[in-house]
Amino acid sequence: MSPPNPYEADPQKIPPSDPYREEPLYGRYLPEPTDFTPDSQHINSTTPDSLAASKRQARNVLKALSTINASDCGGRPGYVVADPDPVANRGVLQLEREILSGGDDDVPQSSCVLMHNDLSQSNLIVDRGRILAVVDWEMAGWFSWEKAREVHRRSRSPSEKSYAHLNLPQEVLDDIYFWNDLYG
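Residue numbers (the numbering used here): 531 to 714.
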């Protein structure tokens, strides 16, 4: 008899000796017909209406997060999970570190709100054209809207100089840059 497959997902095939038998979702995934499947018409959709709807919803997410104030729950300016060296430990660009740490003495705790700090399309779970969830929160923190906007604009968004030499049509460039002004 062959050894049991440690990744077996069918509950009927999990051996009684499996230490995680009572936790059937532990490290296992069994596709079901009712699982979410992306609607192919929206995958990589770059129609103006689709892009505008995505941006509008993402801005609503940012606005909702910004109602959670650091001073209301004891948060201190900076990342939610403190890190003595985010450049080395999280892959944070030096530019981001400079933006976020610059002028901290001038930023009162009361102006720091919860910010995802990496809100990109790849960090959104969307179903039927609606944002259902935001993932990838390791960059989240208590920052002012202005600092989060600068991180997004200068560190997370594609720059025009990166694409200048490609001589792309304006329509293509508009698709690339559409998310750059997310914070207004």
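All residues carry an ideal CB built from backbone N, CA and C; glycine is no exception.
Query	Result
Simplified DSSP state of Asp-666, which is helix, strand or coil	coil
Continuous alpha helix (DSSP H) stretch holding Leu-703: start and end	700 to 707
Ile-655 - containing alpha helix (DSSP H), residue span	Looking at the DSSP string, Ile-655 is not in any alpha helix (DSSP H); the run it does join, the beta strand (DSSP E), is 654 to 657.
The region 624 to 631 touching the region 688 to 701, judged by at least three CB pairs closer than 8 Å	no
Span separating the alpha-carbon of Tyr-707 from that of Glu-701	10 Å
CA nearest to the CA of Leu-644, picked from Val-656, Arg-606, Ile-661	Arg-606
Per-residue burial, Glu-718 [other beta carbons within 10 Å of its own, 16 or more giving buried]	With the chain covering 531 to 714 only, the question about residue 718 has no answer from this structure.
Range covered by the beta strand (DSSP E) that runs through Val-681	Not the beta strand (DSSP E): Val-681 falls in the alpha helix (DSSP H), residues 675 to 681.
Buried versus exposed, by CB contacts within 10 Å (16 or more), Lys-677	buried
Alpha carbon of Gly-714 to alpha carbon of Asp-548, nearest angstrom	53 Å
Asp-648 classed as buried or exposed, judged by whether at least 16 other C-beta atoms fall within 10 angstroms	buried
Helix, strand or coil at Ile-544 [DSSP, three-state]	coil
Neighbourhood of Leu-630 by C-beta, 8 Å cutoff - its chain only, sequence neighbours within 5 removed	Gly-608, Gly-671, Phe-673, Lys-677, Val-681
Residues bridged to Asp-644 [DSSP beta-bridge criterion]	The question names Asp, but residue 644 is Leu in the sequence shown. Beta-bridge pairing links Leu-644 to Trp-672.
Leu-698, buried or exposed, once every other Cβ within 10 Å from all chains shown has been counted against 16	exposed
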